[in-house]
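S.K.:
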Amino acid sequence: MKITCNIIEDLLPLYVDDMVSEDSRQLVEEHLKTCPACRKMQEEMMRENRLTATAKGNNLTQTNKTEAEPLRKIRRKIRKKRIASVLLAVILVVAAGGIGHYWYYDKENYISWDEADISVKDGKVYSTVNPLGRMKSILSVDQKNMFYMLSETMWTRKEYPSDPNTENELWNLQDFQEAYERGADESTDETSFPTGIEHVYYVDPENVKETFALWDYQDEPEKAQQKEEVLAAKCHLIWSADNTESVDAESTAK
5 MKITCNIIED
15 LLPLYVDDMV
25 SEDSRQLVEE
35 HLKTCPACRK
45 MQEEMMRENR
55 LTATAKGNNL
65 TQTNKTEAEP
75 LRKIRRKIRK
85 KRIASVLLAV
95 ILVVAAGGIG
105 HYWYYDKENY
115 ISWDEADISV
125 KDGKVYSTVN
135 PLGRMKSILS
145 VDQKNMFYML
155 SETMWTRKEY
165 PSDPNTENEL
175 WNLQDFQEAY
185 ERGADESTDE
195 TSFPTGIEHV
205 YYVDPENVKE
215 TFALWDYQDE
225 PEKAQQKEEV
235 LAAKCHLIWS
245 ADNTESVDAE
255 STAK
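Counting in the working numbering, the sequence shown runs from 5 upward without gaps.
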């Protein structure tokens with residue numbers, strides 16, 4: 005590696021004060037042999053040390069103060085450079101940690117219908133993707149359409165790995181049917197599907213943003229319904245109250 009003057013400038017104060025290792029000493033001395041600028045800086049630092057030593061126990065004369073001031077400026081400059089280097093290193097470490105955290109825990113990759121390998125068997129919906137930590141859903145403003153999607157982060161893939169040879173149950177179509185037929189006064193819990201639901205869709209990655217924007221129109225029911233219909237036309241139908249076996253799912257049944 006080429007040893008630059010900047011590196012030697014950082015080492016010179018320690019070298020002059022005889023506080024460097026033998027390897028560092030040899031490094032500095034080799035550089036000084038071929039660099040007049042660094043040799044001059046070394047001489048000025050040594051001169052400052054001599055002035056300081058001579059002045060011990062006595063008040064510095066104005067002449068000595070004048071001579072020593074440029075040397076102090078050199079040391080202050082080097083000290084500032086060192087502090088700046090440390091601060092920059094800290095900033096870079098913090099920034100790298102933040103970016104690393106985002107990519108590992110927060111950066112989501114949405115999974116397409118084909119990648120999820122969704123199929124229907126015996127009234128149940130399966131996928132080769134492990135749904136744990138991946139399943140997301142958005143209920144339409146009129147609460148009649150449910151839009152599902154699967155997404156994962158690097159952390160999700162590590163904690164809940166998927167096996168392409170394993171079929172994971174996502175939903176039982178009978179549960180959707182029961183939710184559709186459920187009366188408004190019947191009790192439900194947090195695991196229940198919305199009462200009166202009529203359609204369930206799967207959302208591909210390119211339509212995720214549009215799905216999350218549905219509730220931007222909650223105060224405009226007609227516009228919200230239009231947005232839902234446009235979105236539904238782009239998605240894969242998993243279940244419908246009009247047809248308990250969806251066309252999209254049946255087409256992928258194994």
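Every residue, glycine too, gets a C-beta built ideally from N, C-alpha and C.
DSSP three-state label for I242, please.
M.R.: Residue mapping note: residue 242 aligns to position 238 of the sequence shown, counting from 1. Looking at I242 - three-state DSSP - the assignment turns out to be strand.
S.K.: Going by the beta-carbon positions, is the gap between E277 and N113 smaller than 9 Å?
M.R.: Beyond the ends of the chain as shown, which are 5 and 258, falls residue 277; an answer cannot be given.
S.K.: Could you give the uninterrupted runs of the alpha helix (DSSP H) lying entirely in the stretch 153 to 186, keeping only those of 4 residues or more?
M.R.: As far as the stretch 153 to 186 is concerned, its whole alpha helix (DSSP H) runs of at least 4 residues are 158 to 163, 177 to 185.
S.K.: Where does K213 fall in DSSP's three states?
M.R.: Sequence index remark: in the sequence shown, residue 213 carries index 209 (1-based). Correct three-state label for K213: helix.
S.K.: Once the 5 residues before and after L18 are set aside, which same chain residues still bring their CB inside 8 Å of it?
M.R.: Position 14 of the sequence shown holds residue 18. Correct list, in chain order: V24, S28.
S.K.: Do L235 and F151 have their C-beta atoms within less than 9 Å of each other?
M.R.: Within the sequence shown, the letter at position 231 stands for residue 235. Within the sequence shown, the letter at position 147 stands for residue 151. Cβ atoms of L235 and F151: closer than 9 Å.
S.K.: Taking E119 as the reference, which of V204, N134, D126 has the closest Cα?
M.R.: Numbered from 1 along the sequence shown, position 115 holds the residue referred to as residue 119. Among V204, N134, D126, the Cα nearest to that of E119 belongs to N134.
S.K.: Restricting to Cα atoms, I'd like to know which of T215, L143, P168 is closest to T132.
M.R.: As a first step, residue 132 is located in the sequence shown; it is residue number 128 there, counting from the start. Of T215, L143, P168, the residue nearest in Cα terms is P168.
S.K.: To the nearest angstrom, how far is it from the Cα of D14 to the Cα of Q46?
M.R.: By one-based count along the sequence shown, residue 14 stands at place 10. By one-based count along the sequence shown, residue 46 stands at place 42. The alpha-carbon atoms of D14 and Q46 are separated by roughly 11 Å.
S.K.: Going by beta-carbon coordinates alone, are D146 and A217 separated by less than 9 Å?
M.R.: For the purposes of this step, residue 146 is taken as residue 142 along the sequence shown, with counting starting at 1. For the purposes of this step, residue 217 is taken as residue 213 along the sequence shown, with counting starting at 1. No, Cβ-Cβ distance for D146 and A217 is not below 9 Å.
S.K.: Sort H203, G127, A41, W117 by Cα distance to Q178 and report the nearest one.
M.R.: For the purposes of this step, residue 178 is taken as residue 174 along the sequence shown, with counting starting at 1. Ranking the options by Cα distance to Q178, first place goes to G127.
S.K.: Let me make sure I understand the geometry here. Which of Q30, Y108, I201, K125 has the alpha-carbon closest to that of E163?
M.R.: As a working note, residue 163 is residue 159 in the sequence shown. Among Q30, Y108, I201, K125, the Cα nearest to that of E163 belongs to Y108.
S.K.: Per DSSP, what are the beta-bridge partners of N113 in this structure?
M.R.: Locating residue 113 in the sequence shown gives position 109, where the first residue counts as 1. In the DSSP output, where bridge partners are listed per residue, N113 has E156.
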